[in-house]
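Student:
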Amino acid sequence: MGKMIISKGKNIDEAIHVGLAILQSKREEVHVEIIQKETRRIWFIGSKPAIVKLTKIERQTESSGAVKEEKFGSTNANEAQIEAAEDHLSGKAWVRGGKIFYRSSPLCYPTITVGQGVLLLKNGHPVAGTTVVTEGDQLEIQTTEETVETKWDIVLDEDKLHAILHIEPGMKKRFQIKDASPDYHIELKAEQHIEIQNTLEYQSVLQKLKSLNIVQGFDFTAMAEAAKATKPGDFVIARGVKPQEGKNGWVELTVNLDSKQAGPKLREDGTVDFREVNNIPSVHPGQVIAIVHPPIPGVPGVTVTNEPIPPKPVHPVAVHLGKGVTAIENGTKIVALASGRPVFRQQGLDVHIFMMDKLTHQGDVDLSSGNIRFHGDVDITGSVEDGMSVEAEGNITIFQNVTRATITSKQAVFIRQNVIGSVISAGTGHILAFELAHLLMTIEGYVEKMISSIKQLVSSPAFKRTDWKQNGLFPLIKLLMDHKFRSLAVTGQKYIEAVKKSGRQQLHPVWLNLAERFQLCFFSSIPNEFHSLEQLDKLLEDIKATTKQYADTNGRDSYIEMAYALNSTIYCSGSVTVFGQGCYNCTIHSDGFLDIKGTMRGGRAYARKGAFIQEAGSDSGVVTRIVVPHGQTVKFGVVKEGTIVQIGKTAYTFQKEHRQIEAVLDENGQIILDEKS
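Note that full-length UniProt numbering has the sequence shown beginning at 1, numbered continuously upward.
(1) When you compare only the Cα positions, how much space is there between residue 427 and residue 351?
(2) Which residue comes first and which comes last in the alpha helix (DSSP H) that contains residue 13?
(3) Do you know offhand how far residue 457's Cα is from residue 526's?
(4) Would residue 611 and residue 624 be called neighbours here (beta carbons separated by less than 8 angstroms)?
(5) Just confirm the distance between the C-beta atoms of residue 408 and residue 385, as a whole number of angstroms; I'd bet it's less than 8 angstroms.
(6) Work out the CA separation of residue 335 and residue 300 for me, nearest whole Å.
(7) Would a C-beta distance cut-off of 8 angstroms place residue 119 and residue 126 closer than the cut-off?
(8) Where does residue 497 fall in DSSP's three states?
(9) Return helix, strand or coil for residue 404, following the three-state DSSP convention.
(10) Tell me whether residue 184 is buried or exposed, calling it buried when 16 or more other Cβ atoms sit within 10 Å of its Cβ.
(11) With three or more C-beta pairs closer than 8 angstroms as the rule, is the segment 325-342 touching the segment 560-569?
(12) Express the C-alpha separation of residue 188 and residue 91 in angstroms, rounding to a whole number.
(13) Who pairs with residue 655 in a beta bridge, going by DSSP?
(14) Look at residue 155 and residue 217 and say whether their C-beta atoms are less than 8 angstroms apart.
(15) One question on the structure: do residue 243 and residue 198 come within less than 8 angstroms of each other, judged by their Cβ atoms?
(16) Using the three-state DSSP reduction, which class does residue 4 fall into: helix, strand or coil?
(17) Do residue 646 and residue 622 count as a contact pair if the criterion is CB distance below 8 angstroms?
(18) Within the continuous alpha helix (DSSP H) that includes residue 202, where are the two ends?
(19) If residue 510 and residue 348 are in contact, beta carbons under 8 angstroms, what's the gap, nearest whole angstrom?
(20) Hey, could you find the ends of the alpha helix (DSSP H) residue 223 is sitting in?
(21) For the 8 angstroms Cβ check, are there 3 or more pairs between the segment 568-587 and the segment 416-427?
(22) Go through the segment 276-325 residue by residue and report every complete run of the beta strand (DSSP E) that reaches 3 residues or more, in order.
(23) Assess contact between the segment 137-146 and the segment 93-111, defined as three or more Cβ pairs (one per stretch) separated by less than 8 angstroms. Is contact present?
(24) Where residue 535 and residue 360 are concerned, what is the direct C-alpha to C-alpha distance, given to the nearest angstrom?
(25) Just verifying my parser: in three-state terms, what is the DSSP assignment at residue 526?
(26) What does the Cβ neighbour count give for residue 630, buried or exposed, with the cut at 16 atoms within 10 Å?
(27) Less than 8 angstroms between the beta carbons of residue 320 and residue 250, yes or no?
(28) Can you tell me whether residue 587 is helix, strand or coil according to DSSP?
(29) Distance, Cα to Cα, residue 239 vs residue 247?
(30) Between which two residues does the alpha helix (DSSP H) containing residue 477 stretch?
(31) With a CB to CB cut of under 7 angstroms and the five nearest residues on each side skipped, what residues in its chain are close to residue 213?
(32) What do you get for residue 549, buried or exposed, if any count of 16 or more other CB atoms within 10 angstroms of its CB means buried?
(33) Give me, in chain order, the residues of the same chain whose beta-carbon lies closer than 7 angstroms to that of residue 496; leave out the 5 immediate sequence neighbours on both sides.
(34) With respect to the beta strand (DSSP E) encompassing residue 27, which residues constitute its N-terminal and C-terminal limits?
(35) Leaving aside the five residues before and after residue 400 along the sequence, list all residues of the same chain whose C-beta is less than 6 angstroms from its C-beta, in chain order.
(36) Kindly list the residues whose CB is nearer than 6 angstroms to the CB of residue 569, restricted to its own chain and excluding five residues on each side of it in sequence; keep chain order.
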């Protein structure tokens with residue numbers, strides 16, 4: 001106890017108030033003892049004042065920690081109850097400086113709820129939930145502490161080109177109790193403090209690398225960053241060397257063979273001069289047309305475990321020489337033997353080079369002239385009449401109209417006037433490779449899914465318990481082909497049959513090689529070396545390379561140009577241009593870009609590389625449909641209500657007329673309209 005005084009007053013409250021003023025203390029900082037209670041007599045004769053003894057409480061009375069507040073002393077029980085009722089701390093508990101205090105009351109007991117991260121001991125026993133504090137309870141607060149160890153591991157990627165250290169730094173979690181003001185019910189709350197403790201050691205990393213046989217490409221800077229990491233992350237701590245891919249053989253042209261015509265020239269008076277077209281290229285005897293380059297092999301790479309990574313194999317081009325050309329200097333140079341137009345055709349690794357002759361037919365093609373079939377270029381100064389046919393290995397140029405006729409070119413068709421009720425095709429020489437390439441694209445998707453299915457199955461415990469490993473993947477591939485991948489079986493057989501029917505002399509060895517591997521892998525009756533994941537991955541890689549090579553070279557020399565078309569079918573393995581009034585109720589297939597400078601009204605058009613149409617649709621409700629693959633766009637100058645545009649598998653029907661607009665797919669696969677100013 002500290003300083004003590006005795007004070008008087010008319011009543012107990014006044015005596016306490018006088019004493020507190022003398023001690024310069026608050027009510028909760030003193031201990032009150034009632035010595036004499038006031039008495040009142042009539043006319044104040046014999047009245048007695050109230051006398052109290054005030055003793056200042058020293059701070060150390062709370063230093064014992066989480067214990068109850070010291071109870072009031074009193075001369076009798078009734079006086080103590082009166083004093084407790086007047087005390088605003090009665091029946092309350094509070095937290096200060098990490099310690100808990102309480103002052104009980106006969107009529108009110110403090111309650112305490114224990115929060116997360118706090119341990120409350122009541123009379124030496126832990127408390128869960130809410131507890132009631134009674135007179136004499138000993139309370140002690142403890143906070144929990146949790147330590148999480150650092151976790152890390154090193155893994156290799158699929159190609160063993162990168163060693164990746166994944167780390168989750170450790171930490172120490174500790175809780176600090178919050179102060180709580182006096183109240184009848186308090187909740188013990190704690191603030192969580194996290195201290196990052198990354199215990200990754202450099203030597204441990206090196207030992208792990210050694211155990212994984214990782215011997216080269218170390219990145220010590222990344223290791224140091226990982227050791228300082230304060231949050232989970234991946235660090236590439238060793239790198240291999242990627243193989244440098246080689247290049248297939250190729251043919252370098254030494255002359256400009258772009259024979260695409262620019263179209264008629266518009267005179268100042270508004271008339272058209274059909275004579276003003278680009279000159280068709282020609283060469284003279286002895287001129288070098290092309291140089292044949294051998295394949296350039298790639299450079300092997302190396303894994304972080306010092307294993308070599310072979311580059312993809314490279315292949316030479318197969319050069320087929322036709323009329324009017326020859327090869328010199330061990331086949332590395334192609335030279336013209338006569339004057340004329342050189343023709344260069346390439347699909348995949350197959351290259352055909354020859355000199356093109358030219359036939360000029362004066363007048364119309366009709367019953368009097370008969371059909372025309374020619375191995376070179378054909379110029380027709382008149383029209384092609386009903387029921388007639390013109391076929392050519394080279395370009396076909398028709399100066400007037402084509403009416404209910406068939407025009408077929410292995411290169412390009414240029415019609416200066418109208419096409420009515422006819423069938424026009426260009427690039428038909430590419431049909432075989434076109435068919436094989438499309439079959440390969442379908443097979444590619446199936447093989448990719450099969451590899452994914454096999455990898456899932458071989459990693460399952462059920463697979464490991466079988467004896468399938470004795471025969472490689474042969475039983476599993478056969479099972480998948482019979483049940484899940486019947487479509488692959490059908491498409492694969494179509495490809496093999498198409499190659500057989502073509503004749504070996506017409507195809508590059510790459511197409512033949514794939515057919516043989518399909519047969520051995522998917523249709524063999526006995527196990528062989530192709531029944532492994534490595535061979536399946538290699539097969540998929542070669543399929544992708546072949547389809548890409550075809551896509552890069554297909555149709556680049558083919559095109560169709562015409563002024564106007566009505567009720568006609570137009571097929572081209574390159575681009576199609578309608579430069580005049582437009583086309584009406586036509587079916588168009590273009591493996592290049594479709595450019596209609598006039599009106600497209602009715603019919604259906606497919607354009608693999610996108611389309612521009614100046615005006616599409618009809619006020620009369622005739623359905624007009626334009627289709628392009630996923631990733632391409634369709635642009636319109638004017639597009640009328642009811643016109644259908646389809647991009648990939650998503651179709652959109654215009655509900656009103658738009659001008660200067662572009663239809664594209666957004667990231668969600670929905671068609672959006674981008675208006676151009």
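All C-beta atoms in this analysis are idealised placements derived from N, C-alpha and C, irrespective of residue type, glycine included. Note that the structure is a prediction, hence the values are computed from the model and not measured.
Tutor: In this structure, then:
(1) One C-alpha to the other measures close to 15 angstroms.
(2) 12-23
(3) 21 angstroms
(4) No, they are not a contact pair.
(5) So it is not a contact: roughly 16 angstroms between Cβ atoms.
(6) Looking at the two C-alpha atoms, the distance is approximately 36 angstroms.
(7) yes
(8) Residue 497 sits in a helix when the DSSP states are folded into three classes.
(9) Residue 404 falls in the coil class under three-state DSSP.
(10) exposed
(11) no
(12) Going from the Cα of residue 91 to the Cα of residue 188 covers about 17 angstroms.
(13) Looking at the DSSP assignment, residue 655 forms no beta bridge with any residue, so it has no partner.
(14) no
(15) no
(16) Correct three-state label for residue 4: strand.
(17) It is not a contact, given that the beta carbons lie outside the stated cut-off.
(18) 202-211
(19) 6 angstroms
(20) 220-227
(21) yes
(22) 288-293 and 318-321
(23) yes
(24) 54 angstroms
(25) coil
(26) So residue 630 counts as exposed.
(27) Contact annotation: residue 320 and residue 250 have beta-carbon atoms that are not nearer than 8 angstroms.
(28) In the structure shown, residue 587 falls within a strand segment according to DSSP collapsed to helix, strand and coil.
(29) 25 angstroms
(30) Note, residue 477: alpha helix (DSSP H), 474-482.
(31) 305
(32) The residue is buried, with at least 16 neighbouring Cβ atoms inside 10 Å.
(33) Here residue 496 has 515, 518 and 519 as same chain residues with Cβ atoms under 7 angstroms from its own Cβ, once five neighbours each way along the sequence are excluded.
(34) Unbroken run through residue 27: none, as it is neither H nor E.
(35) For residue 400, where only same-chain residues beyond five positions count, the Cβ hits under 6 angstroms are 382, 383 and 417.
(36) 423 and 587
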